[in-house]
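Reviewing the structure listed below.
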Amino acid sequence: MTTLSLTINNNLYHFEDLDPRTTLLDLCRHHLQITGPKKGCDHGQCGACTILINGQRINSCLTLAVMHEGDEITTIEGIGLPETLSDLQQAFKEHDAFQCGYCTPGQICSATALIEEVKQNWPSYVTEDLKNPDGALIQEVAERMSGNICRCSAYPNIINAISEVLQKELQKQVNQSKSVAHPSSLDNLDNLHNLDSSLDSSGNPSNKPAVLAAVSGIWSPPPSQSQVHKDQAHKDNANKSTNNQSQAVGDNS
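Next up, the structure:
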């Protein structure tokens with residue numbers, strides 16, 4: 001048994017004789033009645049239990065509570081409550097980005113961390129230009145959220161809600177950087193300049209570029225550039241193989 005102190009949603013909790021095998025998810029739900037994080041698959045595959053550890057998203061069903069003494073732990077209750085919704089929570093509400101709502105706490109925790117990752121220019125698996133990743137692309141948002149499953153398939157609305165808040169946050173970052181930027185550092189803003197044309201005068205997303213294309217209906221993200229290149233290479237190889245076979249048949253005949 002283990003003695004442990006944890007800070008969750010800015011509250012300090014002490015535990016005596018805690019079973020060291022207790023996951024962070026079970027500790028929240030069963031010991032503290034913090035029920036925002038949901039137990040879905042319990043194998044780290046659905047993302048319903050996603051919470052933030054020091055600002056980074058993590059599946060709480062796959063990590064032990066004893067591993068996190070001294071860490072800053074945030075659940076959906078620490079992001080916002082019904083009377084104090086975060087921008088993302090409000091956007092989910094306005095875009096009807098939930099159906100049953102079971103996955104929504106994990107989706108919002110994951111998206112909260114996603115926005116910070118994009119603001120820090122962290123690349124994703126589908127990022128083409130690693131030096132200047134454009135995390136506002138739909139493919140990027142979809143890839144970064146791929147660890148959170150919605151069984152009701154509310155993905156179009158989820159993507160729209162996240163994209164709206166993401167663009168506003170990136171625009172704020174551009175404005176703040178411009179206000180303090182040294183001329184030599186302006187080049188670092190190149191990958192964000194397109195956002196200027198994607199927002200109207202009030203800072204809300206316009207309908208202009210593909211950065212925030214309307215996503216609706218039964219939907220899957222458009223292919224990334226790398227996927228397009230792979231498909232084209234596959235077609236070229238298939239055509240080359242067909243031509244070689246035709247030539248071989250012609251030679252034999």
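Residue 114 in UniProt numbering is what sits at position 114 of the sequence shown, and the numbering runs on without skipping anything.
Positions of the beta carbon are idealized from the N, C-alpha and C atoms, including for glycine.
For Asn54 and Gly77, believed in contact at Cβ under 8 Å, the rounded distance: Per the sequence shown, the amino acid found at residue 77 is Glu instead of Gly. Their Cβ separation, rounded to whole angstroms, is 17 Å, which puts Glu77 and Asn54 out of contact at 8 Å.
What does the alpha-carbon distance come out to for the pair Gln176 and Ser5? 38 Å
Is it right to say Gln139 is buried, meaning 16 or more other beta carbons lie within 10 angstroms of its own, or is it exposed? Label assigned to Gln139: buried.
Taking three-plus beta-carbon pairs below 8 Å as touching, is the stretch 124-131 in contact with the stretch 149-165? They do not touch, by the three-pair rule.
Cutoff 6 Å; reference Ser60; Cβ partners in own chain excluding five residues on either side: Taking Ser60 as the centre and dropping the five residues before and after it, the same chain places the C-beta of Leu24, Leu25, Pro37, Cys49, Ile51 closer than 6 Å to its C-beta, in chain order.
Using the Cβ count rule (16 or more neighbours within 10 Å means buried), how would you classify Cys109? buried
At which residues does the alpha helix (DSSP H) containing Ser5 begin and terminate? That residue, Ser5, is in no alpha helix (DSSP H); its beta strand (DSSP E) goes 2-8.
For Asn10 and Asp134, I'd like the C-alpha separation in whole angstroms. 33 Å
Closest residue to Thr35 among Leu27, Asp17, Gln173 (Cα-Cα distance): Leu27
Return the residue from the list Gln171, Val141, Ala238 that minimises the CA-CA distance to Ser220. Val141
In this structure, how does DSSP classify Ile149 when only helix, strand and coil are distinguished? Coil.
My parser needs the alpha helix (DSSP H) runs of 4 or more residues fully inside the stretch 113-160; what are they? 138-144
Would you call the stretch 103-117 in contact with the stretch 145-160, where contact means no fewer than 3 C-beta pairs closer than 8 Å? yes
Please classify Gly40: is it buried, with 16 or more other beta-carbons within 10 angstroms of its beta-carbon, or exposed? buried
Within its chain, find whatever has a CB closer than 6 Å to the CB of His14; leave out the 5 residues flanking it on each side and keep chain order. Excluding sequence neighbours, His14 sits near Ser5.
Residue nearest to Thr22 in terms of C-alpha spacing, selected from His68, Asp96, Arg57, Leu12: His68
Does the beta-carbon of Tyr125 have 16 or more other beta-carbons within 10 angstroms, so that it is buried, or is it exposed? exposed
Could you pull the DSSP bridge partners for Phe15 from this structure? Leu4
Could you check whether Cys100 and Cys152 sit closer than 7 Å to each other, using their CB atoms as the reference points? Yes; because the gap between Cβ atoms is below 7 Å, this pair is in contact.
Which of the three DSSP states, helix, strand or coil, is assigned to Pro56? Reading off the sequence, residue 56 comes out as Gln, not Pro. In the structure shown, Gln56 sits in a strand (DSSP, three-state: E or B).
Pick from Ile58, Ala91, Asp87: whose alpha carbon is nearest that of Arg144? Ile58
Using the Cβ count rule (16 or more neighbours within 10 Å means buried), how would you classify Gln89? buried
Taking only the alpha-carbon atoms, compute the straight-line gap between Val211 and Ala233 and give it to the nearest angstrom. The predicted model places Val211 with a pLDDT of 47, which falls under 50 and marks its position as unreliable; any figure quoted below should be read in that light. Spanning the alpha carbons of Val211 and Ala233 requires a straight line of approximately 26 Å.
What do you get for Ser179, buried or exposed, if any count of 16 or more other CB atoms within 10 angstroms of its CB means buried? exposed
Counting along the chain, where does the alpha helix (DSSP H) carrying Ile79 start and finish? 76-79
Three-state secondary structure (DSSP) of Thr23: strand
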